[in-house]
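Remarks on the structure that follows.
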Amino acid sequence: MLKGKTALVTGSTSGIGLGIAKALAAQGANVVLNGFGDHEGPQREVEQAGAAHGIATAYHGADMSKPVEIEAMMAFAAEKFGRVDILVNNAGIQHVARVEDFPVEKWDAIMAINLSSAFHATRLAIPAMREANWGRIINVASIHGLVASVEKSAYVAAKHGVIGLTKVTALENATTGVTCNAICPGWVLTPLVQKQIDARALEGNISVEEAQKNLLREKEPSLQFTTPEELGALAVFFCSPAGNNVRGVAWNMDGGWTAQ
1 MLKGKTALVT
11 GSTSGIGLGI
21 AKALAAQGAN
31 VVLNGFGDHE
41 GPQREVEQAG
51 AAHGIATAYH
61 GADMSKPVEI
71 EAMMAFAAEK
81 FGRVDILVNN
91 AGIQHVARVE
101 DFPVEKWDAI
111 MAINLSSAFH
121 ATRLAIPAMR
131 EANWGRIINV
141 ASIHGLVASV
151 EKSAYVAAKH
161 GVIGLTKVTA
171 LENATTGVTC
181 NAICPGWVLT
191 PLVQKQIDAR
201 ALEGNISVEE
211 AQKNLLREKE
221 PSLQFTTPEE
231 LGALAVFFCS
241 PAGNNVRGVA
251 WNMDGGWTAQ
């Protein structure tokens, strides 16, 4: 379905971003990956997912807190593949503390990576998408873009901002072939969430398995994690003809979290 299209997925060397990159590759899209740490292993996984379509992949290690590096990444993708047809703004970090104790530098970093990076990548992707009259911008927000949790002021504020950015981008391009939507996962067992589970286990002097169950019991009625594969399938839907008139939504996959 996406043969000849190019997807750029930020924060795609693990977790949700990698799951989405593999799903898009399986539909024939070329993929530009981005993220810290090892990228060769994830890049091979994406290539294998798209092997039947002979897709190409590339990697750019832009620090998503720095606009100049985001600009370099977008220029790299355009030079390599012509343009970015599908932009997935997924890069994110987390820090947990009460508002009065929240380190200012952590607030600034979370805002830069979780919110401002989506703005910068979006503003750079839109012109070529509009010229082609086809584009998909998918912002990975969070259930915390819809509701709040204690000790996550920066993350919640940034993710609410991502949903606001999603709506404005969708409206500004509503009469074109460019759509913008947000995905709002509940708990996904990513490295970011695993750190929270490990911290809970240590603090409560309980097993990691029990800490994991407690985390789900608090918020997610299904008592199961959403998977990167499920989120990848939703991203594919947004890119399909069925998603042509889906614009500005914040689509939650949260096991019933916000239905309570």
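Numbered by our numbering, the letters in the sequence shown go through residues 1 to 260 in order. We put the CB at the ideal spot given by N, CA and C, even for glycine. Owing to the predicted nature of the structure, the values given are computational and were not obtained by experimental measurement.
Secondary structure at W134: coil, using DSSP grouped into helix, strand and coil. Within the same chain, Cβ atoms closer than 7 angstroms to the Cβ of A211 are found at I197, R200, A201, G204, the five residues on either side in sequence being excluded. Between N34 and H60, the C-beta gap is smaller than 8 angstroms, which places the two residues in contact. Across the structure, S116 and S65 are spaced so that their CA atoms are roughly 8 angstroms apart.
Note that the C-beta distance between W187 and E220 is below 8 angstroms.
Here DSSP, grouped into helix, strand and coil, assigns M1 to coil.
Secondary structure note for P185: its beta strand (DSSP E) is the uninterrupted segment 178-185.
By DSSP's assignment, N252 forms a beta bridge with C184. In this structure, the straight-line span from the alpha carbon of K80 to that of E45 is close to 20 angstroms. Q27 is classed as buried because its beta carbon has at least 16 other beta carbons within 10 Å across all chains shown. Selection A121, N181, I110 evaluated against K152 yields I110 as nearest (Cα-Cα). Scanning its chain for C-beta atoms nearer than 8 angstroms, with the 5 sequence neighbours on each side dropped, one finds around I16 the residues N90, V140, P185, V188, T190, P228, L231, in chain order. The beta carbon of T226 sits closer than 8 angstroms to those of P185, G186, W187, V188, M253, D254, G255, all from its chain and outside the five residues before and after it, given in chain order. In this model, A29 and A132 are separated by some 16 angstroms (Cα to Cα).
As the crow flies, the alpha-carbon of F36 is around 8 angstroms from that of G11. If you check the CB distance, W251 and A182 come in under 8 angstroms. Around the beta-carbon of R136, 16 or more other beta-carbon atoms lie within 10 Å, marking it buried.
Non-local beta-carbon contacts of M73 in its own chain, meaning distances under 7 angstroms to residues more than five positions away in sequence, involve N34, H60, A62 in chain order. Here Q94 is near L192, since their CB atoms are less than 8 angstroms apart. When the Cα atoms are used, L8 and A154 turn out to be separated by approximately 25 angstroms. V99 is classed as exposed because its beta carbon has fewer than 16 other beta carbons within 10 Å across all chains shown.
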